[in-house]
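When you line the sequence shown up against our numbering, it's residues -8 to 73, in that order. Glycine residues also receive a C-beta, built at the ideal position from the N, C-alpha and C atoms. Below is one structure, written out as structure tokens; comments come after it.
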Amino acid sequence: MTPAMRSQTLQSSAAIRTGTRVEKVNSKLGDSHPDGAQGLISTSLGPKLWHGRMTHAYLVAWDDCKAPAFVVGDRIRKLTKE
């Protein structure tokens, strides 16, 4: 993503920032990606009510997939720099 595109992308102030590398955690049966899958936050959608809890929602561009996927915040975490 180019810096010009990033500055025009909407994002929630308390969310993981757009452009951040993340990995999948807390996978459930039927999820399209298993724990450990890596991707990039393409959009932070802001706080959403999900199964009775407030959480952040994201569009994540997974490394092995062309189209971004909807993911709730408790299913991803920031990758730590190694």
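For N17 and K57, I'd like the C-alpha separation in whole angstroms. Walking along the sequence shown from the start, residue 17 turns up at place 26. Walking along the sequence shown from the start, residue 57 turns up at place 66. One C-alpha to the other measures close to 22 Å.
Whole-number beta carbon distance between S23 and A60, since they are thought to touch under 8 Å: Along the sequence shown, read from residue 1 onward, the residue named residue 60 stands at position 69. Along the sequence shown, read from residue 1 onward, the residue named residue 23 stands at position 32. Separation of the CB atoms of A60 and S23 is rounded to 6 Å, and the pair is thereby assigned contact status at 8 Å.
Looking at the secondary structure, which residues open and close the beta strand (DSSP E) in which L36 lies? If you number the sequence shown from 1, residue 36 lands on position 45. Residues 29 to 41.
Using a Cβ-Cβ cut-off of 6 Å (strictly less than) and excluding sequence neighbours within five positions of D54, which residues of its own chain qualify? For the purposes of this step, residue 54 is taken as residue 63 along the sequence shown, with counting starting at 1. Excluding sequence neighbours, D54 sits near Q29, G30.
Contact check, I106 vs K72, beta carbons under 8 Å: What is shown of the chain runs -8 to 73, which leaves residue 106 out entirely.
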